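Visitor: Each position in the sequence shown, counted from 1, maps to that position plus 53 in this note's numbering.
Take a look at this one; I'll ask things after.
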Amino acid sequence: MLTQTTLAGPAPAPFLVRRRIAIWRVLLGSILLALLLGESASPPPWLMSAMVLVAIAFVSLALVGRLWCALYISGRKGTMLVKDGPYSMSRHPLYVCNLIGMVGLGALTGSLLVLTVLVAAFAILYPAVIRAEEQLMQDRFPEYAVYAHATPAFVPQVALYRTPAEWTVNVRAYLRNARDSIWFPLMTAVIAGIRHAHDIDVLPELFDLV
C-alpha cells in the first residue's frame with residue numbers, strides 16, 4: 054500500500070489509489086445484491102451459450118495470467134525492477150489480467166449494464182493506480198525510465214517477450230499472491246449459482262437487469 058512519506062519522497066497517493074480495494078468490494082457487493090434481487094435479460098440460447106464460453110475463457114485467462122505474473126514478482130515487489138516474463142511485454146500485466154477477468158465476469162451475468170459498470174469502474178480507478186505506481190517505481194529505480202520507454206504501459210507487445218532459462222521463486226510469497234487470484238473463479242461460481250437459482254425460481258425477481 055502506498056503511504057504518505059516525507060517531503061523528500063513521493064507524494065501521497067490519491068484517494069482512489071488508497072481506497073481502491075474497498076471501492077471494488079463495495080462495487081462487487083452491490084452487483085451481487087443486484088443479481089440476487091433482479092434477473093438479467095434472457096438472450097437467445099445460442100447467444101447465452103456464447104457468452105458463457107467467453108466468460109469461462111476470459112476468467113480462466115485472467116487467473117492463469119495472474120498466476121504467471123506472480124511467478125516473477127513474488128518476493129521481489131518493491132525491491133527489484135522485474136523486466137522478464139509478462140513484464141517484458143507490458144509494465145502492468147496484472148492489471149491487464151484484471152480487466153480480462155472483469156469482462157469475463159460481466160459477460161457471465163448476461164447483463165450489459167453490469168458489464169459496462171465493471172469496465173467503467175476499471176477505466177476510472179486504474180489509470181490513477183498506474184500513475185501512482187509508476188511514480189513510485191521511478192523514484193525507487195533509476196533504470197525504470199529506460200524500461201518504461203521500451204515497454205508498453207498496458208497492452209502487451211508479444212514481440213518483446215523475453216525470459217531467463219531459470220527463475221528463482223519465493224514459494225511463500227507466491228502462494229500469498231496466488232491466494233489473491235482465487236476470487237476470480239469464486240466470483241464465477243457465485244454468479245453462475247445466482248443465475249441458476251433465478252432459472253429455477255428460487256430467488257425473487259424484483260426488477261430486470263438490462
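Glycine included, C-beta positions come from ideal geometry on N, C-alpha and C.
These numbers were taken from a predicted model, which means no experiment stands behind them.
1) Bridge partners for Phe260 per DSSP, in chain order?
2) On the CB-based measure, 16 or more other CB atoms within 10 Å of its CB, does Pro98 come out buried or exposed?
3) Below 6 Å CB to CB, which residues in the same chain sit around Gly62 once its five sequence neighbours on both sides are set aside?
4) For the candidate residues Leu81, Asp261 and Arg144, whose alpha-carbon lies nearest to that of Tyr197?
5) For my contact list, Ala201 and Leu120 are in at a C-beta cut-off of 8 Å; report their separation, rounded to the angstrom.
6) Measuring CA to CA, which of Val135, Pro96 and Glu92 is closest to Tyr214?
7) Who are the near neighbours of Pro96 in its chain, counting only those whose CB is closer than 8 Å to its CB and skipping five residues on each side?
8) Please classify Ser102: does DSSP put it in a helix, a strand, or coil?
9) Cutting at 6 Å between CB atoms, please list the residues of its own chain near Val156, excluding the five before and the five after it.
10) Under 8 Å Cβ to Cβ from Thr216, same chain only, skipping five residues before and after it: list those, please.
11) Go to Gln188, then tell me how far its alpha helix (DSSP H) extends in each direction, as first and last residue.
12) Can you name, in chain order, every residue of its own chain whose Cβ lies under 7 Å from the Cβ of Tyr179, other than the five neighbours on each side?
13) Let me know if Glu319 comes out buried or exposed under the rule of 16 or more other beta-carbons within 10 Å of its beta-carbon.
14) Taking contact to mean 3 or more Cβ pairs, one atom from each stretch, closer than 8 Å, check whether the stretch 244-256 and the stretch 73-83 are in contact.
15) Looking only at its chain, what residues have a beta carbon closer than 8 Å to the beta carbon of Pro238, apart from the 5 residues adjacent to it on each side?
16) Based on Cα-Cα distance, which residue from Arg78, Phe68, Arg71 and Val70 lies nearest to Trp236?
17) Pick from Arg73, Leu89 and Val208: whose alpha carbon is nearest that of Val243?
18) Any idea if Val167 is buried or exposed, counting beta-carbon neighbours within 10 angstroms, 16 or more meaning buried?
19) Consult DSSP for Thr241 and reduce its assignment to one of helix, strand or coil.
20) Could you spell out where the alpha helix (DSSP H) holding Tyr197 opens and where it closes?
21) Since Leu158 and Ala108 should fall inside the 8 Å C-beta cutoff, what is the C-beta to C-beta distance between them, to a whole number of angstroms?
22) Contact check, Asp13 vs Ala87 under 8 Å by CB: the rounded distance?
Guide: With the structure as the only source:
1) Mapped onto the sequence shown, residue 260 falls at position 207. Paired residue(s): Gly91.
2) What you label residue 98 is simply residue 45 of the sequence shown in a count that begins at 1. It is exposed - the Cβ of Pro98 has fewer than 16 other Cβ atoms within 10 Å.
3) For this step, residue 62 is matched to residue 9 along the sequence shown. With a pLDDT of 40 at Gly62, under the threshold of 50, the predicted position of this residue should be treated as unreliable, though the coordinate-derived value follows. Answer for Gly62: no residue qualifies.
4) Indexing the sequence shown from 1 puts residue 197 at position 144. Selected option, being the one with the closest Cα: Arg144.
5) Your numbering for residue 201 matches position 148 in the sequence shown. Your numbering for residue 120 matches position 67 in the sequence shown. That belief does not hold up - the Cβ atoms of Ala201 and Leu120 are roughly 25 Å apart, past 8 Å.
6) To locate residue 214, count along the sequence shown from 1; it is residue 161. Of the listed residues, the one whose Cα sits closest to Tyr214 is Val135.
7) Counted from its first residue, the sequence shown places residue 96 at position 43. These residues qualify, in order along the chain: Met104 and Gly163.
8) Looking up residue 102 in the sequence shown gives position 49. If DSSP states are grouped into helix, strand and coil, Ser102 belongs with the helices.
9) The sequence position of residue 156 within the sequence shown is 103, counting from 1. Counting only Cβ-Cβ distances below 6 Å, and skipping sequence neighbours, we find Phe111.
10) Here residue 216 corresponds to residue number 163 of the sequence shown, with the count starting at 1. Answer for Thr216: Asp137, Gly138 and Ser141, listed in chain order.
11) Your numbering for residue 188 matches position 135 in the sequence shown. In the DSSP annotation of this structure, the continuous segment of the alpha helix (DSSP H) that includes Gln188 starts and ends at Leu165 to Arg193.
12) To locate residue 179, count along the sequence shown from 1; it is residue 126. Excluding sequence neighbours, Tyr179 sits near Tyr148.
13) Limits of the chain in this structure are 54 at one end and 263 at the other, which puts residue 319 out of reach.
14) In the pairwise beta carbon analysis, the stretch 244-256 is classified as not touching the stretch 73-83: fewer than three pairs are separated by under 8 Å.
15) Counting from 1 along the sequence shown, the entry for residue 238 is found at position 185. Once the five neighbours on either side are set aside, the close Cβ partners of Pro238 are Val112 and Leu116.
16) Here residue 236 refers to the residue found at position 183 of the sequence shown. That would be Arg78, whose Cα lies nearest to the Cα of Trp236.
17) The sequence position of residue 243 within the sequence shown is 190, counting from 1. Comparing Cα positions, the closest option is Leu89.
18) Position 114 of the sequence shown, counting from 1, holds the residue named residue 167. Buried is the call here.
19) Stepping through the sequence shown from its first residue, residue 241 is reached at position 188. Here Thr241 sits in helix by DSSP.
20) Residue mapping note: residue 197 aligns to position 144 of the sequence shown, counting from 1. Per DSSP, Tyr197 belongs to the alpha helix (DSSP H) from Tyr197 to Ala203.
21) Residue 158 sits at position 105 when you count from the first residue of the sequence shown. Residue 108 sits at position 55 when you count from the first residue of the sequence shown. Contact flag correct, Cβ pair sits at about 7 Å.
22) Because the chain in this structure spans residues 54 to 263, residue 13 falls outside the shown range and cannot be described.
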